[in-house]
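In our numbering, the protein residues as written are 1358 to 1636. Where is the CB? At the ideal position from N, CA and C, for every residue including glycine.
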């Protein structure tokens, strides 16, 4: 933060920030936050239409450059080619937000509930780990290496979860008149991937520290997004603040973690969950 005036320490003016999973609920919020603080959000997703539309919207609203691009983060060639393209087009990359993840659903799939550990399909495990962990690794390998080549480094933020810190409370998903072996649960891959991102964060925080690249993990709690009233009532009772987050409530902490305001923050694992993990 040395040399930055207080009113400018949160600014990302002209800085390229790569955001994976940018078409998702929180990805869109991350992109808006970067644009609002003058950054250049580069929005990556498998589907080109949503991110290109979002990029145009951000350009119009915030008068910044923005780009929406199709990248398969589980494919190293796709990531490497995009990284090369961005450096050629913009000159450098300042930030990376590893946001992409599958969010396996808690649902009953008939006679055999595949959310349960004893029934969980290996192909789903592999797919979830490929997106959430391998994708984050590949993005760190390529975009992170590009960031490390900057004279002033940059910032990597891995989007973990409060469920990377604590176990899911499976009681939230219990339904009446259903036998134990058929009850839905929060699938194992979500916890494993989010905990893995914490390990990746700590590794990266020391790996490029000499290059002035900081890496921290944001661990959001749940977001209210049209869940059933009965479910929300149960969740609220387990959170000290008595509610879930609104989608835009992670924008402030993300900007802090990306910007020069957090210039001495490195290797931190920050839960923003209404106090849930404190209980």
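Closest by CA to residue i, which one among the options?
i            : options                   : result
residue 1367 : 1628, 1608, 1631 and 1635 : 1608
residue 1525 : 1595, 1586 and 1444       : 1595
residue 1395 : 1418, 1405 and 1411       : 1418
residue 1582 : 1440, 1560, 1499 and 1605 : 1605
residue 1410 : 1426, 1539 and 1435       : 1426
residue 1451 : 1433, 1631, 1601 and 1617 : 1617
residue 1436 : 1403, 1459, 1422 and 1416 : 1403
residue 1369 : 1387, 1380, 1496 and 1382 : 1387
residue 1373 : 1441, 1449 and 1439       : 1449
residue 1632 : 1600, 1626, 1610 and 1362 : 1600
residue 1422 : 1398, 1407 and 1433       : 1398
Are there 16 or more other CB atoms within 10 angstroms of the CB of residue i, so buried, or fewer, so exposed?
i            : result
residue 1511 : buried
residue 1636 : exposed
residue 1385 : buried
residue 1528 : exposed
residue 1657 : What the structure shows of the chain is the stretch from 1358 to 1636, and residue 1657 is not part of that stretch, so it cannot be assessed.
residue 1475 : exposed
residue 1455 : buried
residue 1480 : exposed
residue 1592 : buried
residue 1614 : buried
Nearest-angstrom Cα distance between residue i and residue j?
i            : j            : result
residue 1545 : residue 1492 : 18 Å
residue 1634 : residue 1622 : 21 Å
residue 1443 : residue 1573 : 23 Å
residue 1371 : residue 1445 : 15 Å
residue 1533 : residue 1539 : 11 Å
residue 1389 : residue 1378 : 14 Å
residue 1482 : residue 1620 : 36 Å
residue 1498 : residue 1514 : 14 Å
residue 1578 : residue 1629 : 6 Å
residue 1461 : residue 1391 : 27 Å
residue 1383 : residue 1424 : 17 Å
residue 1709 : residue 1490 : There is simply no residue 1709 to check, as the chain begins at 1358 and stops at 1636 in what is shown.
residue 1549 : residue 1530 : 19 Å
residue 1477 : residue 1558 : 27 Å
Mapping DSSP to helix, strand and coil, what is residue i?
i            : result
residue 1449 : coil
residue 1424 : strand
residue 1512 : strand
residue 1531 : coil
residue 1400 : strand
residue 1628 : strand
residue 1406 : helix
residue 1455 : strand
residue 1635 : helix
Exercise for the section: Within the region 1543-1599, note down every full alpha helix (DSSP H) run reaching 4 residues or more, in order along the chain. Expected result: 1545-1564 and 1586-1593
Exercise for the section: Run through the region 1470-1497 for me and flag every whole alpha helix (DSSP H) of 4 or more residues, listed as ranges in chain order. Expected result: 1479-1486 and 1492-1496
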